[in-house]
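Reading through the C-alpha cells given below for one structure.
Chains as they are written, first to last, in the working numbering: chain A, 73 to 405; chain B, 73 to 405; chain C, 73 to 405; chain D, 73 to 405.
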C-alpha cells in the first residue's frame with residue numbers, strides 16, 4: 073500500500089502517522105521527495121482502513137498495490153478452481169448450464185421443468201423456494217416445502233439443485249441442496265456469508281446491484297476466510313440509468329474476475345435483462361466472453377399462454393439456446 | 073394499476089389476461105380504443121408482480137396509480153408520525169441531532185464523546201458496536217461489549233442510544249437500545265426487517281446505496297406490516313459515478329419522502345460525503361431542506377492528532393455546527 | 073400516448089387539458105373510470121413534451137405507446153438498413169471490422185497500421201485527427217493534416233476511412249472521408265447532427281456516456297430527419313459506479329437496438345474497457361451478441377515497447393482476434 | 073504525479089518509461105522499494121495522458137498529486153473570483169437570484185415575467201431562445217427572435233439577461249447578452265468552449281449529466297485558457313438510477329467546487345428535480361450549502377391553469393421563496 077502525503081506535511085506529522093501505522097504491525101518505508109512524501113506500507117495491509125487513511129488531513133492519496141482479497145486472489149492461487157457438484161464440475165474449462173423456474177410452484181411444475189431442461193442438456197436445476205421480494209405483500213416463495221419439491225426433482229432426474237438462502241436460521245433446510253445461492257441483495261450480509269463459510273457446501277454468490285468487482289471478491293473472501301473455498305461468482309446485471317433493460321449486464325466482469333481471481337464465474341442473463349428476447353443473445357455473448365456457466369430461467373406452463381413474453385424461456389427456446397451456446401464455446405477454444 | 077396492451081392484441085389474449093388478473097381478486101375494467109386497449113386494475117394491486125406483467129408479450133406498459141406501500145403512505149395517514157425516544161421526539165416539527173463516534177472503542181472514549189455532544193445540544197448518542205466492513209480482516213466492532221459501553225454512556229448522560237444491528241440473532245443484546253439502526257447494506261435484508269417489525273423499538277432504516285425512494289418505503293413497509301410503526305427513514309448518500317465524495321448525498325430525498333410518507337426523515341452527511349470539510353455545509357443544507365434530524369460522526373481522541381481530517385468532526389466543530397443548524401431551522405419556519 | 077389523470081381531477085380541469093392537447097392537433101379519447109381518467113392521445117405525439125405533461129399537477133403518469141422516433145424505428149421500416157461504404161457493406165447480415173490507431177501520428181505510422189490491419193482482414197481504417205480531450209493542455213490531434221494522412225493510407229490500401237468530427241465548420245476537410253464519426257460527447261450536439269443530416273455521408277453515431285438507448289435513437293432521428301438515412305449506431309460503454317473498467321460496456325444494447333431500429337449497430341470494446349486484455353473477450357462477445365461490426369484500436373509502434381499494455385492491440389493480437397470473431401460469427405448463424 | 077510500477081518490472085522497462093516521460097519535459101524521481109518502484113513526475117504533468125499511462129502493462133497505478141486544472145484552481149488563485157454582470161456581482165459573498173421562464177414564448181410573456189421577478193428581488197433574467205431538445209420534432213425555441221425579446225425585457229426592467237448558446241456560429245446574435253449559458257449537453261463541446269474563451273462575456277457553464285467535478289473544472293479551464301476568466305459553474309443534477317426526480321441534485325458539489333476552485337457556483341433546482349414542489353426546499357438548501365446564486369424557472373401564464381404543477385414556480389411562489397432564501401443566507405453568515 074502506498075500513501076502519498078501532502079506538500080507541507082511537517083516531520084512531526086509524518087512521524088505521528090508512521091508510528092500509528094507501525095502499531096498495526098506494518099513496515100513503513102518513507103521516501104521523501106522535494107514536493108511530496110511517499111510512504112510504502114509493507115505487511116498485512118488488508119487490515120488497514122483505506123477510507124480512514126484517505127480522509128486524514130495530511131494524506132493526498134492512498135493506493136493499494138496488492139488487492140485486499142487473498143484467498144480469492146489469483147496471484148496466490150494461479151490455477152483455476154474447479155468445483156465438484158455431484159457429477160458435475162465447474163471452472164477450469166468445465167462449463168455448466170443451470171436452468172429452472174424463477175419460483176418453485178408445485179410438484180408437477182418443478183418435475184416437468186427438471187425433466188425438460190435435463191433433456192436439453194442442463195447440468196444443474198435452479199428454482200426459488202425463499203424469494204426476496206421488494207414488497208411484503210408479494211408471494212414470498214414456498215419456503216421449506218419448495219426445497220422438498222426440489223429434492224424430489226433431484227431424485228427424479230439426478231440433477232443437482234441450487235436454491236437461494238435468505239436467513240442463516242434456515243440453513244438446516246438446505247441439507248440436501250447442492251449449491252446454496254446468496255442473492256444480490258445479500259451480497260454484503262456479512263454475517264450470512266461468515267456462517268456459510270463454516271459449511272462445506274458450494275456457494276453461488278451473486279454480485280450486488282451497486283457493488284464493484286472488488287467488493288464482490290471481498291464478499292467471496294468472507295466465505296473463504298471461514299474455510300469454505302467453494303465459491304462461484306455470478307454476474308447478474310448492475311443498476312444504471314438505462315431503463316430499457318431491468319439492469320445492465322456487465323459482461324466485462326467475466327474476464328475481469330478471471331484475471332483477478334481463480335474462482336468460476338457464472339452469468340445470469342434472465343434477471344439482468346428482464347426480457348426473454350434479450351436472454352438468448354446475452355447468454356451466447358456470455359459464453360463467448362469466457363463464462364464458466366450460464367443460469368437461465370425456464371418455465372413450463374402450457375396453461376399459462378401469457379407467460380411467453382416474460383424473462384423466462386420455454387423449454388423449446390432453452391433447447392435451441394443450449395445448442396447455440398455449445399457451438400460458440402467450440403468456436404472460442 | 074393501469075396496463076396498456078399492444079396494438080394487435082387479440083380478443084382471446086385479452087380475455088386470457090383478464091381471467092388471470094381476476095383470479096388474483098382484482099376487478100378489471102377494460103377500455104378498448106382504436107389503437108390500444110387499456111386495462112384498469114382495481115383492488116389490492118400490491119400483490120401484483122409488476123415486472124412479470126410488464127414482461128408479457130402483449131403488454132405495452134404498466135403503471136401503478138397507487139403506490140405499492142400502504143402503512144408508510146401519507147395518503148392513508150396524512151399526519152406526520154412523531155416518534156418518542158426516551159424524552160426526545162422526532163418528526164412533526166420535532167428535530168433531533170444524533171451524534172457520536174463511528175465505532176465504540178473504549179469506555180473512556182464513548183463517555184467523553186457522550187458528555188461533550190450532550191453539552192453541545194445533541195439529543196441522541198450514536199456509536200457502532202457491530203460494524204459492517206467490506207473486508208473480513210478489518211475490525212468488526214466491539215459487539216456485545218460495545219453495546220454495554222453505550223449503556224454506560226446512556227446512564228452517565230441520560231442520552232438515548234442508537235446502534236446498528238446486523239444479525240437478528242443478536243437482538244437480545246439490544247434490550248436497552250433506544251433506536252435500532254438497519255444499515256444501508258441490510259436495507260433489503262427482508263428477514264431482518266420482518267423480525268424487527270415484531271419488536272416495538274423505533275427503527276432507523278438507512279437507504280441502500282443503489283435503492284430508490286420507493287424501495288426504501290417498501291422496506292419500511294416490511295417493518296410496519298409486522299406491527300412496528302416506529303420507523304425513521306435515513307438518507308445517507310447513493311452510489312454514482314462521482315468519486316470526489318464517497319457517495320452522492322441526495323437531499324431532494326428529504327422533501328420527496330415527506331411528500332410520499334408520514335415517517336420522519338434523518339440525514340447522515342458524514343457517511344455520504346466521507347470528508348469532514350463537507351459535513352457542516354451538508355448538515356446545514358439538510359436542515360434547510362426540512363429534515364427531521366441529522367446524524368453526525370463526532371470523535372474525541374486528543375491523542376490521535378491524525379484523525380482531524382477524517383469524516384468525523386471534533387466536539388468543537390460539532391458545537392459550532394449545532395448552532396448554525398439551529399439558526400437555519402429558525403430561518404425556514 | 074396515454075395520460076392517466078389523478079383521482080379527484082375535476083371535469084373542468086379535464087376539459088382544459090383536452091383543449092390544450094387538441095390545439096396540438098391531437099385526437100383525444102377520454103375514458104373515465106371510477107378511480108381514474110385515462111386520456112388516449114392519437115396523432116403525431118412526437119411533438120408533445122412528455123416532461124411538461126408529466127409535471128402537470130393533475131397528471132398521474134404519461135406513457136408513450138409509440139416510440140418518439142420514426143425514421144429510425146423498425147416498426148415503420150422492418151427491413152435492416154444496409155449501408156454501402158466503398159466496396160464494403162454493413163448491416164443486414166454484412167459484418168465489418170474497423171481497426172486503426174487512436175490518433176493519427178505520422179505518415180509512416182498510419183500507413184503501416186493500415187497495411188497490417190488490411191492484411192488481417194479489417195474492412196475499414198479508423199484514426200483520430202480531431203481528438204476530444206478532457207484537458208485543453210493535452211494533444212488535440214493532427215487535425216486537417218491527420219485527415220490528409222488518412223487519405224494517403226486509403227490510397228495506399230484501398231480501405232475506406234472513418235474519423236471523428238467535432239465542429240461543423242471543419243466539414244469541408246471531410247470531403248474524402250467515407251464515414252464521419254460523432255463522438256460520445258457530441259451525441260446531443262443537436263446542431264452538429266442537423267448539419268450532418270444535410271450531407272449524404274454515412275455517420276457513425278456513438279452513444280453518450282450517460283445516454284439511454286431511446287436518446288441515442290432520437291439523436292439518429294435528428295440526422296435522418298434532415299434526409300441522411302445512413303446512420304450507424306455505436307455502443308462504446310456507459311458511465312457507472314464500477315471503476316475497474318473505464319466504462320461499462322452494455323452489450324444488451326446490441327439486441328435492444330436491433331429490436332427497436334433497423335440501423336446497423338457497431339461495438340467499440342477498446343474505449344469501453346480501456347484495457348487491452350479485456351478487448352478480445354469483449355469483441356468476441358459483441359460478435360456473439362449479433363453486432364454488425366466491431367471497432368478496435370490497433371497500434372503499430374515497435375519502438376514503443378511501453379504501449380503493449382494499453383487499450384490498443386498489436387497487429388498480431390488483432391490478427392488473432394479477427395480469426396476468433398469470424399469463428400464465433402459462423403457459430404451463431 | 074505519482075506512478076507506481078508493478079512488482080517484477082525490469083530495470084530495462086523502468087528506464088524505457090523514464091526516457092519516454094523525460095521526453096515530455098518532466099523530471100522523474102525514481103524511488104525503488106523492495107516490492108515496488110515509485111516514479112515521481114515533476115513539471116507540467118497536465119499534458120500527460122493519465123489513461124494511457126495507467127493502461128501500460130508495467131504500471132500498477134497512477135495518481136495526480138496536483139489537479140490538472142490551473143487557472144480554475146484555488147491553489148493558484150486563493151481569492152474568490154467576483155464577476156460583474158451589469159450592476160450585479162456574483163461570487164466572493166455576492167449572491168444572485170436568476171429567474172425567468174424555461175423558453176421565451178412572446179413579448180408579453182417575457183416582459184411580464186421580467187417585471188414580476190424583478191419586483192420579487194431577482195437580479196438576472198433567464199429565458200431560453202435556443203432550446204436543446206431530445207426530439208428533432210419538438211419546439212426548438214424562438215432563436216434570434218427570442219434573444220431580441222430578452223433584450224426588450226432588459227431595456228424594460230434593467231435586469232441583465234442570460235441565455236443559452238448551442239452553436240458557435242450563432243455568437244453574433246449574443247452581442248447584448250450579459251451571460252452566455254453553456255448547457256449540460258455541451259459541457260464537453262470543446263470547440264464551443266474554446267471560442268467562448270475568446271470572448272470577454274461571462275459564461276455560465278452547466279455540469280453535464282454524467283460529468284465529474286474535475287471534468288467540469290477542466291471544461292472551465294478550456295474557456296479560461298483562451299483568456300476569458302469569467303466562468304460561473306452551475307450544478308443542475310446528475311443522472312442516477314433514481315427516477316422519482318428527473319435528475320439527482322448533487323448539493324455537495326457546491327462546497328466541493330468552492331474548495332477546489334475560486335469560481336462562483338450557482339445551483340439550478342428546477343431542472344434538477346423536474347418538480348415544482350421540490351424546487352423551494354432545494355433552493356433553500358442550496359443557499360444553506362453556500363451557493364453563490366440560484367437559478368429558478370418562473371412562468372407567468374394565467375391562461376394556462378394547467379401549468380401550475382410543472383417545474384416552474386408562479387411569480388407568487390418565487391416571491392415567497394426569495395424571502396426564505398434571504399433568511400437562510402443571513403442565518404449561515
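Every residue gets a Cβ at the ideal spot worked out from N, C-alpha and C, and that includes glycine.
Buried or exposed by the 16-neighbour rule on C-beta atoms within 10 Å, applied to residue i
| i | result |
| --- | --- |
| residue 227 of chain A | exposed |
| residue 404 of chain A | buried |
| residue 318 of chain D | buried |
| residue 202 of chain D | buried |
| residue 195 of chain A | buried |
| residue 165 of chain B | exposed |
| residue 320 of chain D | buried |
| residue 126 of chain C | buried |
| residue 300 of chain B | buried |
| residue 159 of chain A | exposed |
CA-to-CA distance, residue j to residue i, given in whole angstroms
| i | j | result |
| --- | --- | --- |
| residue 289 of chain A | residue 262 of chain A | 13 Å |
| residue 360 of chain C | residue 95 of chain C | 49 Å |
| residue 162 of chain A | residue 283 of chain D | 41 Å |
| residue 150 of chain C | residue 399 of chain A | 29 Å |
| residue 212 of chain C | residue 382 of chain C | 19 Å |
| residue 294 of chain A | residue 260 of chain A | 9 Å |
| residue 394 of chain B | residue 251 of chain D | 38 Å |
| residue 327 of chain A | residue 387 of chain C | 21 Å |
| residue 219 of chain D | residue 322 of chain C | 41 Å |
| residue 369 of chain A | residue 174 of chain C | 41 Å |
| residue 384 of chain B | residue 342 of chain B | 7 Å |
Nearest candidate by alpha-carbon position, reference residue i, set the options
| i | options | result |
| --- | --- | --- |
| residue 104 of chain D | D:97, D:119 and D:86 | D:86 |
| residue 117 of chain B | A:181, A:267 and A:209 | A:209 |
| residue 292 of chain D | D:320, D:329, D:230 and D:215 | D:329 |
| residue 391 of chain C | C:353, C:191, C:123 and C:267 | C:191 |
| residue 224 of chain C | C:385, C:176 and C:322 | C:176 |
| residue 240 of chain D | D:267, D:354 and D:299 | D:267 |
| residue 204 of chain B | B:340, B:352, B:236 and B:302 | B:236 |
| residue 124 of chain D | D:108, D:242 and D:92 | D:92 |
Open item on the list: Give me the subset of the stretch 273-292 of chain B whose CB atoms are less than 7 Å from a CB atom of chain A, sorted by chain position.
Closed with: 281, 282, 287 and 290
- [ ] Taking a Cβ distance cut-off of 8 Å, strictly less, list which residues of the stretch 297-317 of chain B are near chain D, in chain order.
- [x] 310, 312, 313, 314, 315, 316 and 317
Open item on the list: With three or more beta-carbon pairs closer than 8 Å as the criterion, would you say the stretch 246-256 of chain A touches the stretch 267-286 of chain A?
Closed with: yes
- [ ] Residues of the stretch 327-343 of chain D with a CB closer than 7 Å to any CB of chain C: list them in chain order, please.
- [x] none
Task: Near-chain D residues of the stretch 217-235 of chain A (beta-carbon distance less than 8 Å), N- to C-terminal order - done: none
Open item on the list: Tell me which residues of the stretch 123-150 of chain A have at least one Cβ-Cβ distance to chain D shorter than 8 Å, keeping chain order.
Closed with: 132, 133, 135 and 137
TODO: Flag this pair as touching only if the stretch 149-163 of chain A and the stretch 326-339 of chain A have three or more C-beta atom pairs under 8 Å; answer yes or no.
DONE: yes
Task: the stretch 352-376 of chain A: positions lying closer than 8 Å to chain D by Cβ - done: none
- [ ] Select from the stretch 80-95 of chain A all residues with a C-beta closer than 8 Å to any C-beta belonging to chain B, and list them in chain order.
- [x] 85, 88, 89 and 92
Task: Three-pair Cβ contact test at 8 Å for the stretch 136-147 of chain D versus the stretch 184-191 of chain D - done: no
- [ ] Pull out every residue of the stretch 173-201 of chain C whose Cβ sits closer than 7 Å to any Cβ of chain B, in chain order.
- [x] none
- [ ] Please list the residues of the stretch 243-264 of chain B that have a C-beta atom closer than 9 Å to any C-beta atom in chain C, keeping them in chain order.
- [x] none
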